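Report on one structure; see the data block that follows.
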Amino acid sequence: MTALAERGSAPSTPEPADPHPSRPGWVRPALGGLLIATAVLYLWGLSASGWANAFYSAAAQAGGESWKAWFFGSSDAANAITVDKTPAALWVMGLSVRLFGLSSWSILVPQALMGVGSVWALFATVRRVSGPAAGLLAGAVLALTPVAALMFRFNNPDALLVLLLVLGAYCVTRALEKASPKWLALAGVAVGFGFLAKMLQAFLVLPAFAIAYLVAAPAPLGKRLLHLLGALGAVVVSAGWYLAVVELWPADSRPFIGGSQSNSILELTLGYNGVGRITGDEVGSLGGAQSSGSWARLFGSEMAGGIAWLLPAAAIATGALAWLTWRAPRTDRTRAATILWGGWLVVTGGVFSFMSGIIHPYYTVALAPAVAALVGTGAVRLWRARTHPIASGLLSSGVVLTALTAYLLLTRESTWLPWLKYVVLLLGLAAAVLVLVSDRLPRAGARGVAVLALIASLLGSGAYTVATAATPHSGAIPSAGPSSGGFGGFGGQGGPPGGGQRGGMRGGVGSLLTTTTPSAEMTALLQADAENYTWVAATVGSNPAASYQLASGFPVMALGGFNGTDPSPTLAQFQQYVADGRIHYFIGEPTEINSTGGSDAAEEIAEWVAANFTATTVGGTTVYLLSS
53 MTALAERGSA
63 PSTPEPADPH
73 PSRPGWVRPA
83 LGGLLIATAV
93 LYLWGLSASG
103 WANAFYSAAA
113 QAGGESWKAW
123 FFGSSDAANA
133 ITVDKTPAAL
143 WVMGLSVRLF
153 GLSSWSILVP
163 QALMGVGSVW
173 ALFATVRRVS
183 GPAAGLLAGA
193 VLALTPVAAL
203 MFRFNNPDAL
213 LVLLLVLGAY
223 CVTRALEKAS
233 PKWLALAGVA
243 VGFGFLAKML
253 QAFLVLPAFA
263 IAYLVAAPAP
273 LGKRLLHLLG
283 ALGAVVVSAG
293 WYLAVVELWP
303 ADSRPFIGGS
313 QSNSILELTL
323 GYNGVGRITG
333 DEVGSLGGAQ
343 SSGSWARLFG
353 SEMAGGIAWL
363 LPAAAIATGA
373 LAWLTWRAPR
383 TDRTRAATIL
393 WGGWLVVTGG
403 VFSFMSGIIH
413 PYYTVALAPA
423 VAALVGTGAV
433 RLWRARTHPI
443 ASGLLSSGVV
453 LTALTAYLLL
463 TRESTWLPWL
473 KYVVLLLGLA
483 AAVLVLVSDR
493 LPRAGARGVA
503 VLALIASLLG
513 SGAYTVATAA
523 TPHSGAIPSA
533 GPSSGGFGGF
543 GGQGGPPGGG
553 QRGGMRGGVG
563 SLLTTTTPSA
573 EMTALLQADA
583 ENYTWVAATV
593 GSNPAASYQL
603 ASGFPVMALG
613 GFNGTDPSPT
623 LAQFQQYVAD
633 GRIHYFIGEP
643 TEINSTGGSD
653 AAEEIAEWVA
663 ANFTATTVGG
673 TTVYLLSS
């Protein structure tokens with residue numbers, strides 16, 4: 053080793069010969085403890101968030117009542133319009149509602165269980181290459197990432213997306229062991245179903261998966277290429293079957309495709325939820341294009357608290373693992389894992405950093421598995437090689453950079469545990485120094501240094517994660533942290549009776565991204581004679597409609613979809629619904645919607661109602677009776 057140190061070359065890092073390494077006796081109890089702790093963290097006090105994102109809760113309610121609404125992801129059981137995503141996450145929630153009834157728990161518990169499953173799957177993936185210690189560390193880092201705690205306690209599609217992508221990484225890892233086309237195809241299936249959860253975002257991991265297999269699979273190049281073509285076919289089939297069914301289904305017998313301007317799921321896939329997110333050209337968006345960013349966006353005020361804690365450590369780990377495996381054979385599994393997770397981090401992080409369209413802080417949960425895997429693998433491999441000065445230096449740098457990052461992030465929270473940042477910084481500096489001399493300490497002393505380094509590295513993010521889990525979150529755009537229940541004025545407190553913000557909504561763009569709990573008077577009005585109507589009410593925007601639908605238990609038509617800018621229904625269609633006596637009330641007042649293009653049909657409907665029907669006020673809410 054002295055000679056190696058003098059030459060500055062990487063230490064030898066032999067791989068396990070057995071792809072199914074035996075587990076030491078401590079692994080099962082440690083894994084069980086990790087999964088139980090994760091379950092407690094993600095499940096405890098879960099119902100405090102009420103309906104969380106009422107937009108998706110209302111769609112889950114609809115899916116629990118109508119199989120057509122369940123299949124298409126409709127916002128209401130009468131199937132006026134869908135949500136603006138493919139509905140795989142709603143399939144899970146809808147089935148839970150059918151099994152256990154409509155409640156905050158039946159909607160949110162599946163997300164928490166997906167979080168526990170993601171931690172387990174990440175452990176299993178990392179363990180196969182780097183051993184159980186690295187797998188446990190990776191799982192712990194994922195569980196203690198604030199944005200992960202946020203989204204695994206929330207009902208956006210991101211929880212299912214992350215679980216499926218981690219399962220895809222597991223399948224790629226298995227495929228790399230013996231160049232298995234079966235496991236590689238299963239990876240394609242996992243990513244394809246990830247598309248059905250959150251559309252094209254799922255495909256951001258594909259370059260990393262493909263390059264890792266192309267570089268490291270133990271098979272001739274021709275076979276590797278054929279296997280990749282087969283896996284691509286699996287992606288296309290598992291993602292494309294749903295697009296084909298919806299496109300071929302007669303438009304007059306299914307709901308309008310929310311988020312599109314032409315009632316087309318292909319337009320939704322490639323436009324509003326596709327290329328538009330990259331270029332900023334999102335027709336119908338309320339916010340318009342955002343300025344293109346840089347890598348610093350991940351450390352900005354909105355995203356940093358959720359994901360930035362261990363990003364510097366992950367970057368160091370990526371470089372360290374590349375150094376450790378520089379002279380390894382082509383099929384080296386550690387280098388393949390580095391390509392897989394490092395590519396995942398670089399491609400997904402790069403898109404999030406530079407995209408010009410709509411992006412929200414919680415999107416960064418898709419980075420959490422890659423960060424966790426790199427940190428877990430890199431820390432364990434560097435610790436084992438710490439007699440080499442470069443290895444100990446990289447490990448020490450990772451600890452001190454993590455502590456400094458945590459200090460800077462905690463400085464932004466001036467009133468929340470103001471002492472914590474100093475503790476984290478001092479522990480980190482002490483641990484970083486001790487790591488440099490840890491190879492000269494007795495075994496017990498070295499273990500103590502390892503424990504101190506782990507505490508220093510995870511204390512800040514862990515405390516922030518617990519605070520995130522202890523804070524109720526609701527509305528359309530949640531953010532991680534001890535005091536962020538939503539994003540600015542957009543995060544309403546919608547929830548089941550007995551919780552959340554009360555009072556009426558006056559309609560208009562100010563309330564399009566807000567959900568509330570309607571007054572008792574308003575709820576009673578909607579429930580009266582509700583069985584005699586297809587929709588008990590109509591209002592502009594899916595979030596306001598969700599509030600009334602969840603409170604009343606009956607379908608409410610969301611005019612214009614999520615942003616109020618979809619051409620569904622047209623004024624003529626709405627007038628026909630009213631003439632046929634299918635809609636009881638209209639809720640809200642005419643207000644201009646300042647969007648980036650999109651349809652004006654919802655505005656035209658609101659103006660027509662105001663001009664032809666008499667307004668009354670019920671519980672502070674403007675209501676028009678449409679049916680005598």
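For the sequence shown, the working numbering gives the first residue as 53, with consecutive numbering after it. Each residue gets a CB set at the ideal place from its N, CA and C atoms; glycine is no exception. Since the model is a prediction, treat every value here as computed from it, not as a measurement.
Return the chain-ordered list of same chain residues with a C-beta closer than 6 Å to the C-beta of residue i, the five sequence neighbours on each side being excluded.
i: A425; result: V178, A190 and W393
i: D491; result: R438 and T439
i: G383; result: Position check: residue 383 holds Thr in this sequence, whereas Gly was assumed. Excluding residues within five positions, the ones whose Cβ falls inside 6 Å are A268 and P270.
i: V149; result: A112, G116 and S158
i: A369; result: L426, V427 and G430
i: V298; result: I317
i: H412; result: I529
i: Q579; result: S604
i: I359; result: V199, T416 and L419
i: A141; result: P209, L212 and A249
i: T668; result: V675
On a Cα-Cα basis, can you pick out the residue from the options that is closest to residue i?
i: L217; options: G187, E229, K234 and L248; result: L248
i: Y600; options: S127, K120 and A237; result: S127
i: S535; options: R464, A653, I330 and V298; result: R464
i: F123; options: A242, N105, V144 and G445; result: V144
i: L95; options: P524, V608 and V670; result: P524
i: T467; options: L350, G274 and G533; result: G533
i: T575; options: S290, V168 and Y637; result: Y637
i: S155; options: G650, V298, N207 and A186; result: N207
i: L511; options: P494, L577, S604 and A458; result: A458
i: K250; options: V199, A360 and N325; result: N325
i: L318; options: L295, A521 and G146; result: L295
i: G527; options: G332, N595, G84 and G357; result: N595
i: I639; options: L273, L461, W78 and V588; result: V588
i: L93; options: M609, A515 and D581; result: A515
i: V423; options: V214, I635, G102 and F152; result: V214
In angstroms, rounded to a whole number, what distance separates the CA positions of residue i and residue j?
i: G244; j: R276; result: 20 Å
i: P270; j: A231; result: 6 Å
i: V241; j: V417; result: 21 Å
i: L300; j: L212; result: 26 Å
i: T26; j: W293; result: In the structure as shown, the chain begins at 53 and stops at 680. Residue 26 is therefore absent and cannot be evaluated.
i: I159; j: K120; result: 19 Å
i: V287; j: L472; result: 46 Å
i: Y676; j: A283; result: 55 Å
i: A114; j: A129; result: 4 Å
i: P619; j: S513; result: 44 Å
i: H279; j: G395; result: 20 Å
i: G672; j: S571; result: 8 Å
i: G323; j: P470; result: 45 Å
i: S680; j: A590; result: 16 Å
i: M407; j: V327; result: 10 Å
i: F614; j: N105; result: 12 Å
i: I309; j: D652; result: 17 Å
i: A366; j: V476; result: 18 Å
i: A227; j: F261; result: 11 Å
i: G497; j: A356; result: 34 Å
Skipping 5 residues on each side, what residues in its chain have a beta carbon closer than 8 Å to that of residue i?
i: L86; result: V171, F175, L188, G191, A192 and A195
i: A502; result: W435 and S490
Within a Cβ cutoff of 7 Å, which residues of the same chain sit near residue i, ignoring the five residues on either side of it in sequence?
i: P307; result: F124, S126, N131, A132, I133 and T134
i: I657; result: L611, L623 and F626
i: G371; result: none
i: S405; result: G345, S346, W347, R349 and L350
i: M203; result: D210, A211, Y414 and V417
i: S448; result: A484, V487 and L488
i: A303; result: N315
Which residues share a DSSP beta bridge with residue i?
i: I133; result: F308
i: Y676; result: F638 and A667
i: W587; result: I635
i: V592; result: L611
i: S8; result: Past the boundaries of the shown model lies residue 8; the chain is included only from 53 to 680, so the question cannot be answered.
i: Q126; result: Before going on, a small fix: residue 126 reads as Ser here, not Gln. DSSP lists T134 as partners of S126.
Starting from the N-terminal side, write out each stretch of the beta strand (DSSP E) that is 3 residues or longer and does not extend beyond the segment 602-651.
Segments of the beta strand (DSSP E) lying fully in the segment 602-651: 608-611 and 635-639.
Complete alpha helix (DSSP H) runs within the segment 176-241 (minimum length 4 residues, chain order)
As summarised for the segment 176-241, the continuous alpha helix (DSSP H) elements at least 4 residues long and confined to that stretch are 184-195, 198-203 and 210-230, given in chain order.
Ranges of the alpha helix (DSSP H) found wholly within the segment 270-339, counting only runs of at least 4:
Correct list: 273-300, 317-322 and 328-331.
Alpha helix (DSSP H) runs contained entirely in the segment 465-497, provided each spans 4 or more residues
Here the runs fully enclosed are 472-489.
Please give the ranges of any alpha helix (DSSP H) in the segment 351-422, keeping only runs that are unbroken, at least 4 residues long and fully inside the region.
Runs of the alpha helix (DSSP H) inside the segment 351-422: 356-359, 363-376 and 385-406.
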